[in-house]
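All residue numbers for the sequence shown refer to full-length UniProt numbering, where the first residue is 1 and numbers rise by one.
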Amino acid sequence: METLSTVLMVLVAVLDVVALFFVLRSGIEPGRKVVWSAVIILLPVVGIIMWAWAAGPLGKVRL
């Protein structure tokens, strides 16, 4: 059980880094970059889901 939680923790950390990389490399305004970065850092799992939903093909907002 401990191994599973470690794997999930590492997976979330890697996804956080990838999401932050894409946010910082995107062409959005600096203010939005700060907000998205804060959401991803402060709410790791929820932030990744929100960012993927907003930036994905179903997202209505151009990031």
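Glycine included, C-beta positions come from ideal geometry on N, C-alpha and C. Remember, predicted model here, so these are calculated numbers, not experimental data.
{"Check": "Alpha-carbon to alpha-carbon, residue 15 and residue 75", "Outcome": "What the structure shows of the chain is the stretch from 1 to 63, and residue 75 is not part of that stretch, so it cannot be assessed."}
{"Check": "Assigned exposure category for residue 49 - 16 Cβ within 10 Å defines buried", "Outcome": "exposed"}
{"Check": "Outcome for residue 23 when other beta-carbon atoms lying within 10 angstroms are tallied against a minimum of 16", "Outcome": "buried"}
{"Check": "Assigned secondary structure, residue 15 (DSSP; H/G/I helix, E/B strand, else coil)", "Outcome": "helix"}
{"Check": "Secondary structure of residue 50, DSSP reduced to three states", "Outcome": "helix"}
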